[in-house]
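*Asks:* Here's a structure for you.
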Amino acid sequence: MEPFIENCTHIREAVCDMYTPHGNNKSLAMQSFLASQFLTDIIFLASTDLLLSYHATKASSIVTKKTYQYYFTHVPAWELIQAPRPKWLTGPNHASELTFVFGMDWYPSDITISKQERDLSNRMIDYWTNFAKTGDPNSNSSTGLTNWEPYTSSKKSYLRIDLSDSLETNLQLNESYLLNSQISDLLQDCRSEKNYTVVSSKLGLLKGRRASYNGTTVYQFKKVPYAQPPIGEFRFSKPVHHEPWADLRDAQTFGFACYQSGTYDSEDCLFLNVFVPRNLSTTPLRPVMIWIHGGGFTTGRIDTTDGSLLALFGDVIVVTIQYRLNVFGFFSLNVKPFMGNYGLYDQKFAIEWVKNNIASFGGDPDQITLFGESAGGVSTTLQAIMPSNKGLFSRVIGESGSALARRDFQTKTFETSKRILDNVGCAYSSNDQILTCLRSKDEKTIFDAYVKAAKNVSIVYSLTTTIGPIVDGKLIPQTPLAALENSSSDMYRTFSSIDILQLIPKFARNILPVNPNASLQEQSQMAANLYGDLLEDAPTVRFLELHDTAKNTKSYQYLFAHRPRWEVISVRPQWLIGSNHASEVPFVFGLLRQWYPKSVPVMDDEVNLSDRIMTYWTNFAKYGNPNGHTGDDWPAYDVTSRKYLVLDITDHVNSSLYSNRMTFWNTEIAKDVKVCKTKEIDTDLSTGSSAKKRENDTSNGSLGKARSTSIICCAAAFSFLLKSWD
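Right under this line is the structure:
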């Protein structure tokens, strides 16, 4: 008889990865505890979570039906089950809450019932009987009860019941996901050997998955480690080469994202995914495209950007990479050993891995293109100007991000990092003590300290992120703008050797026109224009201008002007014109049908736009020209004609994008800032309906006469420029 399930080592590896000790504590006691946790999760957690999810989904259509979850964590003075228990077993025994539900009468006479436990019992009785009466454990007549929110599919709230109750969310979400979703997916590949393939990398054998899209094969290698897990002694340090492995390593499922909220994420996250179209032939070698995700250097993941369709469409190999984020990726005190930029070092390490290993997958190590969106666009262009990267790749595509973007390349990192030390209790005078302290804390403690610090550092009109890349003197020797304006610098020489394709997203377009009677909606749109120009448009145009001075390479500019029927960022005010940030991403990956909700139809006009974008992107990766070998539908950018392609349902070429406004930011303001840095500034700021100064200036691109909302934004922007413009 043939076994029903075979070839399931990847399931074992997924389970062991979840329930094997990470970090410094790998004692037998910890291993025993995690083994017991695994059994408990299988017996109780997985089935309970599945039942709650089903009920919450069904109940969502019936307003009066609600679902509630609780987690009893109190270890009683006396337990119902008296079986001996090992010291390493934490938490209450099975059925321990029953004594509290029935009023504490089960305690033996020689056990004193404390007031705290009596109060806990009374609260539980209130919750239980309230639910029996009304279907809601909360009651207006009951005092001392924590408000118990319903469990929903979107917000998995639960009440942690202890001597002091608390409302929390996402109970053991990673474990539930593994047991209820990931394992069922893995089982699909376990009945035969036909759905996997093996590739030999320089570190060892990788077992990837053979998938099919519309009858065409694509090979997927996921969760491929490119560095040692950055935990324990490797936390807050540059990435370290991963050790080779002797056994066949499963690479069929995505790894966790880098830590950012505690939901499907982990510090152990330095993985990449490889998508190979049609076959694994090494003749001829295919061009390679490396995707760097966005998220403001604080969030982001790659399990939603499957590169299979893009790889098949353009016959290129697509690689998606993860890198450390937020405090784990960019903590810096600007002194050794806390120089920061760990996330950028991770990116560089991943690019080097691709350079050294991609030939085994049929990729051409001499034809590597970086592409990324938002912080990923900033990252691709930062990587392009790092002197140590020369020769690693030849082309970059920056979507909604530039190395000159002042929002993401800023100085608040140091302030945020110092606050983190205070919040986490590691503010020692010795750097060695600080490092030891930080490495001793669990990931949630450090992340929570960062979140608290970020709230204190950020402001309403903030033009910078709270933590991110910095000038460290080594990876980034000097500020990008200063380096790129100096054609003899190493950063400029690296930059000038690479082809560039850059996006400016379409936000509405006339910066603060003279109109003292503008409505609040019009003022808001003007303020959005100002922020969009300052944070994205002007830096991108300046980046292209500087790149055009290197005549041996080409630059291309585009404007994504289409407003999709569904957007990645769905929340937007009615007055905001144009597409939202990140709206082009599903078009780039050909994922409209995968990302659009079922209620939103995918129309041919958007599919055609996506096909054209994928053609342009992969042509650029292959030839350094989005038009391919022939054609000039998309002209190269130069400082004379300044031509760019408008990507919309119908594409067209235009020139001199926002010319007056770009001159204003990149020329006029730059001069004003230099003057302001050398003398005291006398500034009038009106809090009424208009500004006192420049009210007669009606030229396009000037601040003109605007009402208070716009003037406040201008003041914030100008203050920011004085501090950050180099």
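Residue numbers for the sequence shown follow numbering that gives the first Met the number 0, beginning at 0 and rising by one.
Beta carbons: idealized from backbone N, C-alpha and C, even for Gly.
Can you tell me where the beta strand (DSSP E) with E167 in it begins and where it stops?
*Replies:* On the sequence shown, residue 167 is found 168 positions in, with the first residue counted as 1. Taken as a continuous stretch (DSSP letters only), the beta strand (DSSP E) holding E167 covers 165-168.
*Asks:* Closer than 6 angstroms by C-beta to K621: which residues in its own chain qualify, once you throw out the five before and the five after it? Chain order, please.
*Replies:* Along the sequence shown, one-based indexing puts residue 621 at 622. Taken in chain order, the residues that qualify are P286.
*Asks:* For a minimum of 4 consecutive residues, which ranges assigned as the alpha helix (DSSP H) are wholly contained in the stretch 169-228?
*Replies:* Within the stretch 169-228, the complete alpha helix (DSSP H) runs of at least 4 residues are 172-176, 182-186.
*Asks:* Where does the unbroken alpha helix (DSSP H) through F588 begin, and where does it stop?
*Replies:* Counting from one through the sequence shown, the residue named residue 588 turns up at place 589. Counting along the chain, the alpha helix (DSSP H) containing F588 begins and ends at 584-588.
*Asks:* Once the 5 residues before and after D16 are set aside, which same chain residues still bring their CB inside 6 angstroms of it?
*Replies:* The count along the sequence shown starts at 1 and reaches residue 16 at position 17. Excluding positions up to five away in sequence, the list is empty.
*Asks:* Roughly how many angstroms lie between the CA atoms of S654 and K642, to the nearest whole one?
*Replies:* Taking the first residue of the sequence shown as position 1, residue 654 is located at position 655. Taking the first residue of the sequence shown as position 1, residue 642 is located at position 643. Going by the C-alpha atoms only, they are around 4 angstroms apart.
*Asks:* So who's on the other strand from G299, going by DSSP bridges?
*Replies:* Within the sequence shown, the letter at position 300 stands for residue 299. BP columns for G299 are empty, so no partner.
*Asks:* Here's the rule: buried if 16 or more other CB atoms are within 10 angstroms of the residue's CB, otherwise exposed. What is S401?
*Replies:* Position 402 of the sequence shown, counted from the start, is the residue given in the question as residue 401. Buried.
*Asks:* So what does DSSP say about D345, is it helix, strand or coil?
*Replies:* Translated into the one-based positions of the sequence shown, residue 345 becomes position 346. Of the three classes helix, strand and coil, the one that applies to D345 here is helix, per DSSP.
*Asks:* For G700, count neighbouring Cβ atoms within 10 angstroms of its own Cβ and tell me buried if that reaches 16, exposed if not.
*Replies:* What you label residue 700 is simply residue 701 of the sequence shown in a count that begins at 1. Interpretation of G700 is limited by its pLDDT of 37, a score under 50 that renders its predicted location unreliable; no figure is taken from the coordinates.
*Asks:* Identify which residue in D249, K65, L177, I291 has its Cα closest to the Cα of L44.
*Replies:* Position 45 of the sequence shown, counted from the start, is the residue given in the question as residue 44. Nearest of D249, K65, L177, I291 to L44, Cα basis: L177.
*Asks:* Tell me which residues share the same chain as A94 and place their Cβ nearer than 7 angstroms to its Cβ, disregarding the 5 neighbours each side in the sequence.
*Replies:* Within the sequence shown, the letter at position 95 stands for residue 94. Around A94: L79, I80.
*Asks:* Closer than 8 angstroms, CB to CB, is I384 near chain D or not?
*Replies:* No chain D appears in the structure shown, which is made up of a single protein chain.
*Asks:* Report yes if the CB atom of Y225 is closer than 8 angstroms to the CB atom of G207, and no otherwise.
*Replies:* Position 226 of the sequence shown, counted from the start, is the residue given in the question as residue 225. Position 208 of the sequence shown, counted from the start, is the residue given in the question as residue 207. It is not a contact, given that the beta carbons lie outside the stated cut-off.
*Asks:* Which value, in whole angstroms, describes the spacing of the CA atoms of M804 and R122?
*Replies:* Because the chain in this structure spans residues 0 to 725, residue 804 falls outside the shown range and cannot be described.
*Asks:* Please report the Cβ distance between F360 and Y258, rounded to the nearest whole angstrom; I am assuming they are in contact, meaning their Cβ atoms lie under 8 angstroms.
*Replies:* Numbered from its first residue, the sequence shown carries residue 360 at position 361. Numbered from its first residue, the sequence shown carries residue 258 at position 259. That pair is no contact at about 28 angstroms.
*Asks:* In angstroms, rounded to a whole number, what distance separates the CA positions of Y595 and L51?
*Replies:* Stepping through the sequence shown from its first residue, residue 595 is reached at position 596. Stepping through the sequence shown from its first residue, residue 51 is reached at position 52. Each residue's alpha carbon lies about 26 angstroms from the other.
*Asks:* For V14, I'd like the list of residues in its chain whose CB is within less than 6 angstroms of its CB, leaving aside the five on either flank, ordered along the chain.
*Replies:* Start at 1 with the first residue of the sequence shown, and residue 14 comes out as number 15. Excluding positions up to five away in sequence, the list is empty.
*Asks:* Just grab the DSSP bridge partners of F71 for me.
*Replies:* One-based indexing of the sequence shown puts residue 71 at position 72. In the DSSP output, where bridge partners are listed per residue, F71 has I160.
*Asks:* I'd like to know if the stretch 242-255 and the stretch 337-356 are in contact, where contact means that at least 3 CB-CB pairs between them fall below 8 angstroms.
*Replies:* No: fewer than three Cβ pairs fall under 8 angstroms.
*Asks:* Helix, strand or coil for M17 per DSSP?
*Replies:* Sequence index remark: in the sequence shown, residue 17 carries index 18 (1-based). Three-state DSSP puts M17 in a helix.
*Asks:* With DSSP as the reference, please indicate the residues paired to R248 in a beta bridge.
*Replies:* Position 249 of the sequence shown, counted from the start, is the residue given in the question as residue 248. BP columns for R248 point to L205.
*Asks:* Looking at the secondary structure, which residues open and close the beta strand (DSSP E) in which I320 lies?
*Replies:* Translated into positions along the sequence shown, residue 320 becomes position 321. That run of the beta strand (DSSP E) goes 316-320.
*Asks:* Measuring only the C-alpha atoms, how far is V423 from L437?
*Replies:* Here residue 423 is taken as the residue at index 424 of the sequence shown, counted from 1. Here residue 437 is taken as the residue at index 438 of the sequence shown, counted from 1. Roughly 8 angstroms between the two C-alpha positions.
*Asks:* Using 8 angstroms for Cβ pairs, my map puts P479 next to I384. What's the rounded Cβ distance?
*Replies:* Counting from 1 along the sequence shown, the entry for residue 479 is found at position 480. Counting from 1 along the sequence shown, the entry for residue 384 is found at position 385. Confirmed, about 6 angstroms.
*Asks:* Looking at C-alpha atoms only, which residue of L381, S113, D431, R564 is the closest neighbour of P476?
*Replies:* Numbered from 1 along the sequence shown, position 477 holds the residue referred to as residue 476. The residue with the shortest Cα to Cα distance from P476 is L381.
*Asks:* Which residue comes first and which comes last in the alpha helix (DSSP H) that contains F329?
*Replies:* Stepping through the sequence shown from its first residue, residue 329 is reached at position 330. That run of the alpha helix (DSSP H) goes 325-329.
*Asks:* With a threshold of 6 angstroms on Cβ separation, who are the neighbours of L49 within its own chain once the five nearest residues in sequence on each side are excluded?
*Replies:* By one-based count along the sequence shown, residue 49 stands at place 50. N179, listed in sequence order.
*Asks:* Taking the alpha-carbon of W352 as reference, which of I320, W616, K451 has the nearest alpha-carbon?
*Replies:* Residue 352 sits at position 353 when you count from the first residue of the sequence shown. W352 has its Cα closest to that of I320, out of I320, W616, K451.
*Asks:* Under three-state DSSP, which class holds K597?
*Replies:* Sequence index remark: in the sequence shown, residue 597 carries index 598 (1-based). Three-state DSSP puts K597 in coil, outside helix and strand.
*Asks:* Keeping to the same chain, check which residues put their C-beta closer than 6 angstroms to that of G376; ignore five residues upstream and five downstream.
*Replies:* Here residue 376 is taken as the residue at index 377 of the sequence shown, counted from 1. Closer than 6 angstroms at the Cβ level, and outside the excluded window around G376, lie G397, E398, S399, G400.
*Asks:* Can you check the stretch 365-444 for any beta strand (DSSP E) of at least 3 residues that lies completely inside it and give the ranges in chain order?
*Replies:* Entirely contained in the stretch 365-444, the beta strand (DSSP E) runs reaching 3 residues are, in chain order, 394-398.
*Asks:* Which runs of the alpha helix (DSSP H) fall wholly inside the stretch 95-137 and span at least 4 residues, in chain order?
*Replies:* Qualifying alpha helix (DSSP H) stretches, in chain order: 97-100, 114-133.
*Asks:* Mark W244 as exposed unless 16 or more other C-beta atoms lie within 10 angstroms of its C-beta, in which case mark it buried.
*Replies:* Within the sequence shown, numbered from 1, the residue matching residue 244 stands at position 245. Exposed is the call here.
*Asks:* What would DSSP say about N624, mapped onto helix, strand or coil?
*Replies:* Working through the sequence shown from its first residue, we reach residue 624 at position 625. Coil, per DSSP.
*Asks:* Cα-Cα, which of N579, N607, D647 is closest to L590?
*Replies:* Position 591 of the sequence shown, counted from the first residue, corresponds to residue 590. Comparing Cα-Cα distances from L590 to each of N579, N607, D647, the minimum goes to N607.
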